[in-house]
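A.B. asks: In my numbering, the protein residues as written are 58 to 534.
Glycine residues also receive a C-beta, built at the ideal position from the N, C-alpha and C atoms.
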C-alpha cells in the first residue's frame with residue numbers, strides 16, 4: 058500500500074518530466090527553413106572567362122634616330138594632340154651633319170658651274186675648228202685650180218690637202234671634247250641632286266630629334282627618362298604608349314574549346330572588375346579569332362569584346378570577370394539557386410581532404426565545384442542577414458573564384474599548385490566580400506572567417522545548402 062501511495066505518483070511525475078524534456082529537445086533541434094517565393098523573369102546561360110581591359114586603339118611611339126633625351130614635355134596621363142611635341146633628343150650631332158651636307162651641296166653646285174663654263178669654251182673651240190676647216194677647203198680648191206693652169210707645183214696642192222685633212226681632224230677632236238665635257242656636266246648635276254638628297258636626309262634626322270604624338274589621346278605609358286640614351290635599330294625603341302580613346306575599351310577573353318561553339322559575334326557580355334565591387338558593366342562580342350592557343354594541352358580561342366567607358370572608370374590592364382550571355386529566356390518561372398539542393402542538419406558534411414574527395418573544395422574552403430560555394434554563402438546569409446544585392450555579388454565572387462581554379466585544374470596543375478592559388482584567391486575574395494558589408498556586419502564576418510580558418514578549409518557547418526551557378530539575380534539555370 059505504501060508503494061502504491063508514493064511510488065505511482067513518482068513514476069507519473071518522472072514520465073511527465075521525461076516527456077517534457079524530449080519534447081523540448083525536439084523543438085530545439087527542429088530544422089529552421091528560410092522561405093523564398095518563386096517569381097518570373099529572365100534566366101541566362103553564360104560562358105565565363107577573364108581577360109585584361111585595354112583601349113581599342115593604342116599607338117606605340119618610338120624614336121627613329123639615336124640620341125640622348127633632353128626634354129620630356131609629356132608624362133603619364135598627359136592629354137596630347139596630334140603633332141604635339143612629347144620628347145626631344147640632343148640635336149647637336151644632327152645639326153653638324155646638316156651643316157656638312159649643306160657645304161657639300163654648295164661645292165657640287167660650284168662644280169656644275171665650272172663644268173658648264175667648260176662646255177661653253179669647248180663649243181667656241183668647235184666653231185673655230187669649223188672655220189679653219191672651211192678656210193682649208195677654200196685654199197685646197199684655189200690651189201687645185203692653179204695646178205690645172207700649171208701656175209703652182211703639185212706639191213702645193215698636196216700641202217693644201219693635208220691642211221684640209223688636219224682641219225677635219227681638229228673639228229672631230231673638238232666635238233669629242235665637247236661631248237665629254239657635257240657628260241661631266243651631267244655628272245656634276247647628278248652629284249648636286251645626290252648632295253641635295255643627303256641634305257634632306259640630314260634635315261629629316263634633325264627633325265626626328267623632336268618626337269611628336271601621331272594621334273590625339275592620353276599617354277598611358279612612358280618608358281624613358283631625361284638623360285637616357287635611346288638606340289634606334291631595326292626595331293624603334295618604344296618611348297610612349299598613347300591610348301587614342303579611353304572612352305572605348307576592349308577585353309580579350311580566352312574561351313575554352315568546349316564553349317567556343319556557343320559564342321557568336323554580337324552577343325552581349327556583362328563583366329565586373331575588382332576595383333568596383335558590386336558594379337556591373339556591359340559590352341558586346343566584336344570578334345572571335347580563329348587562331349587557337351594551346352597551353353599544357355588546353356586549347357582556347359581569343360574572343361574580343363567591346364565595352365563603353367564613358368565615365369573613364371575602367372583603366373587599362375584591369376582584370377575583367379566576364380560572362381558571355383549565350384542564351385536567354387524571358388518570363389521564366391524562377392527559384393533561388395539555394396533551394397535546388399538541401400542537406401538536413403543531422404547529415405555531416407563530407408571531410409574536406411578525404412580520400413577521393415574534391416581537392417578544389419578542400420583548397421578553397423568555399424565548397425566544391427557542384428556546390429558553387431553554397432555552404433559559405435548560406436552561412437554568411439544566416440549570420441549577416443545579407444541583402445539581395447550583397448548575396449548576389451558574393452555569389453558572383455565565389456563563382457569567379459571557382460572558374461579560375463577550374464581553369465587551373467584543366468591546365469594539368471597539381472593539387473599543391475591549386476591549393477596555393479586557392480589560398481591567394483580566397484584571401485582576395487575575403488577582402489572583397491568584407492568591402493561589400495556594412496559596419497555592423499564586418500565584425501561578424503571576421504569572426505566567421507577566423508572560425509573557418511581554425512576549423513580547416515573546405516569544412517562546412519551542418520545544414521549546408523548546395524546552390525547551382527547563378528546566371529541572373531535570383532535566377533536558376
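#1: Run the CB neighbour count on residue 268, radius 10 Å, all protein chains shown included, and call it buried at 16 or more, exposed below.
#2: What separation, rounded to the nearest whole angstrom, lies between the Cα atoms of residue 262 and residue 110?
#3: For the beta strand (DSSP E) that contains residue 102, what are its first and last residues?
#4: Let me check understanding here. Comparing Cα to Cα, which of 207, 190, 231, 201 lies closest to residue 223?
#5: Look at the alpha carbon of residue 355 and the alpha carbon of residue 320, and state the distance between them as a whole number of angstroms.
#6: Specify the secondary structure class of residue 285 as computed by DSSP and reduced to three states.
#7: Please classify residue 244 as buried or exposed, where buried requires at least 16 other C-beta atoms within 10 Å of its C-beta.
#8: Nearest to residue 94 by CA position, among 393, 476, 477, is which residue?
#9: Starting from residue 353, follow the beta strand (DSSP E) in both directions and report where the run begins and ends.
#10: Once you ignore the five residues that flank residue 301 on each side, which residues in its own chain have a CB closer than 8 Å to its CB?
#11: Hey, is the stretch 162-171 in contact with the stretch 292-307, meaning 3+ C-beta pairs nearer than 8 Å?
#12: Taking only three categories from DSSP, how would you classify residue 207?
#13: Tell me the DSSP secondary structure of residue 151 in three-state form.
#14: Would residue 200 be called buried (16 or more neighbouring beta carbons within 10 Å of its own) or exposed?
#15: Nearest to residue 382 by alpha carbon, out of 326, 363, 338, 432?
#16: Report buried or exposed for residue 258, applying the criterion of at least 16 other Cβ atoms within 10 angstroms of its Cβ.
#17: Kindly identify the DSSP beta-bridge partner or partners of residue 337.
#18: So what does DSSP say about residue 378, is it helix, strand or coil?
#19: Between which two residues does the alpha helix (DSSP H) carrying residue 452 extend?
#20: Closest to residue 434 by C-alpha separation, out of 486, 209, 129, would be which residue?
#21: List the residues that DSSP assigns as beta-bridge partners of residue 328.
#22: Would you tell me roughly how many angstroms separate the C-alpha atoms of residue 324 and residue 146, rounded to the nearest one?
#23: According to DSSP, is residue 314 part of a helix, a strand, or is it coil?
#24: Check whether the Cβ atoms of residue 451 and residue 462 sit closer than 8 Å, and answer yes or no.
#25: What does a CB cutoff of less than 6 Å around residue 482 pick up in its chain, not counting 5 residues either side in sequence?
#26: Hey, how far is the Cα of residue 225 from the Cα of residue 219?
#27: Name the two residues that bound the continuous alpha helix (DSSP H) containing residue 481.
#28: Under a three-way DSSP split, which group does residue 436 fall into?
#29: Taking DSSP as the reference, what is the three-state secondary structure of residue 303?
#30: Please work out which residues of its chain come closer than 8 Å, Cβ to Cβ, to residue 349, disregarding the five sequence neighbours upstream and downstream, and give them in chain order.
#31: Going straight from the alpha carbon of residue 336 to that of residue 492, what length do you get?
#32: Under 6 Å Cβ to Cβ from residue 154, same chain only, skipping five residues before and after it: list those, please.
#33: How about the stretch 119-128 and the stretch 285-300: do they share at least three Cβ pairs that are nearer than 8 Å?
#34: Helix or strand or just coil, what does DSSP make of residue 115?
#35: By the three-class DSSP mapping on this structure, what secondary structure does residue 144 have?
#36: Whose C-alpha, out of 496, 176, 432, 180, is nearest the C-alpha of residue 397?
C.D. replies: Inspection of the coordinates gives the following:
#1: Around the Cβ of residue 268, a 10 Å sphere holds 16 or more other Cβ atoms; the residue is buried.
#2: If I take the Cα positions, the gap works out to 37 Å.
#3: 96-112
#4: Minimum Cα distance to residue 223 is reached at 190.
#5: 18 Å
#6: coil
#7: exposed
#8: 393
#9: Segment: none, residue 353 is in no beta strand (DSSP E) and carries neither H nor E.
#10: Excluding sequence neighbours, residue 301 sits near 112, 113, 114, 115, 116, 272, 273, 274.
#11: no
#12: coil
#13: helix
#14: When all chains shown are included, residue 200 counts as buried.
#15: Looking at the Cα atoms, 326 is the closest of the given residues.
#16: exposed
#17: Residue 337 is not bridged to any residue.
#18: strand
#19: 445-467
#20: 486
#21: 338, 379
#22: 48 Å
#23: Residue 314 falls in the coil class under three-state DSSP.
#24: Cβ distance not < 8 Å, so residue 451 and residue 462 don't count as in contact.
#25: Sequence-distant partners of residue 482 (beyond 5 residues in either direction) whose C-beta falls short of 6 Å from its own C-beta, in its chain, are 458.
#26: 10 Å
#27: 472-493
#28: helix
#29: coil
#30: 314, 356, 357, 358
#31: 13 Å
#32: Short of 6 Å from the beta carbon of residue 154, and not among the five residues preceding or following it, lie these beta carbons of its own chain, in chain order: 259.
#33: yes
#34: strand
#35: strand
#36: 432
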